[in-house]
Amino acid sequence: MRVLFGDCEFDPGRRLVLRHGRAIPLSPRAFELLAILLDRRPEAVSKTELLEQLWPDSFVSDASLHNLVAEVRAALNDESRSPRYIRTVTKFGYAFHGDARPVEEPAGNTAAAHAIHTGPRLVSPRGDWHLSEGPNLVGRDPDCVVRVDSPTVSRHHARIVVMGAEVTVEDLQSKNGTFVNGHPVRDPVRLDDGGEIRVGSVTMTFRNREGLDSTLSQYR
2 MRVLFGDCEF
12 DPGRRLVLRH
22 GRAIPLSPRA
32 FELLAILLDR
42 RPEAVSKTEL
52 LEQLWPDSFV
62 SDASLHNLVA
72 EVRAALNDES
82 RSPRYIRTVT
92 KFGYAFHGDA
102 RPVEEPAGNT
112 AAAHAIHTGP
122 RLVSPRGDWH
132 LSEGPNLVGR
142 DPDCVVRVDS
152 PTVSRHHARI
162 VVMGAEVTVE
172 DLQSKNGTFV
182 NGHPVRDPVR
192 LDDGGEIRVG
202 SVTMTFRNRE
212 GLDSTLSQYR
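For the sequence shown, the positions run 2 to 221 when the working numbering is used.
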């Protein structure tokens, strides 16, 4: 089951961890460590148990586990001194203590569900951006979920809000405007699957749940 926490998504079916909608690299053992801590949250898991599960046929020191935790923290932009997700339990082990929310998968075959349930996205020749539940900033700034490197795009250009099946876009007083299907956005506007969004001179297509492959094919 997929799990959302902060600006991250854990997807065990596709063996992906996403931050701001983009896949972040994790070694196989680091991925398994995160899976264990998420599965056992909010319980603390002892170092002994983690070592046995992660290295079942090998003897390794606590330092190996410490390095693995550091890898996960770096990937999630977490810190040991003020952890948001991975908490060190002194002289015992580790625990996931962030606010995590499981996402129910559609009924039926999981692989088939992933094939048709891609989630809300923006696609263009410049990239493919996954949109998370809640607000998603669009702009040039590095903290934007949809980061578009163009001089015609403001640092914080627009905001796309995903609330279940409802998705809206609003302009953030950008210099060159936000347009949906050629119409300027002044108040929040609902986005429908296949709708065209233009920020500055950059055009993207909104895909919601399904049909991603057909959209991508037009750019190949």
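Here a beta-carbon is modelled for each residue, glycine too, at the ideal position from N, C-alpha and C. As the structure is a prediction and not an experimental result, all values here were calculated from the model.
query: Do residue 173 and residue 160 have their C-beta atoms within less than 9 angstroms of each other?; result: yes
query: Would you call residue 184 buried or exposed, if buried means 16 or more other Cβ atoms sit within 10 Å of its Cβ?; result: exposed
query: Would you mind sorting residue 208 into buried or exposed? The rule is 16 or more other CB atoms within 10 Å of its CB.; result: buried
query: Helix, strand or coil: which one does DSSP assign to residue 27?; result: coil
query: Would you say residue 155 reaches chain C, if we count a Cβ-Cβ gap shorter than 9 angstroms as a contact?; result: Here chain C cannot be found, since the structure has a single protein chain.
query: For residue 199, which three-state DSSP category applies?; result: strand
query: Roughly how many angstroms lie between the CA atoms of residue 48 and residue 194, to the nearest whole one?; result: 47 angstroms
query: How long is the line joining the alpha carbons of residue 120 and residue 163, rounded to whole angstroms?; result: 10 angstroms
query: Return the chain-ordered list of same chain residues with a C-beta closer than 8 angstroms to the C-beta of residue 196, the five sequence neighbours on each side being excluded.; result: 181, 182, 206 and 207
query: How is residue 32 classed by DSSP in three states: helix, strand or coil?; result: helix
query: CB-CB under 6 angstroms to residue 1, same chain, minus the five flanking residues each way: which ones, in chain order?; result: Because the chain in this structure spans residues 2 to 221, residue 1 falls outside the shown range and cannot be described.
query: Under the assumption that residue 60 contacts residue 39 (Cβ atoms under 8 angstroms), give the Cβ distance between them as a whole number of angstroms.; result: In fact, because the Cβ distance is near 26 angstroms, the residues do not count as touching under 8 angstroms.
query: Compute the distance between the beta-carbons of residue 149 and residue 22, then report whether it is under 9 angstroms.; result: no
query: Which word fits residue 179, buried or exposed, when buried means at least 16 other C-beta atoms lie within 10 angstroms of its C-beta?; result: buried
query: Please tell me whether residue 72 and residue 28 are closer than 9 angstroms, where the distance is taken between their beta carbons.; result: yes
query: DSSP state of residue 49, grouped into three classes?; result: helix
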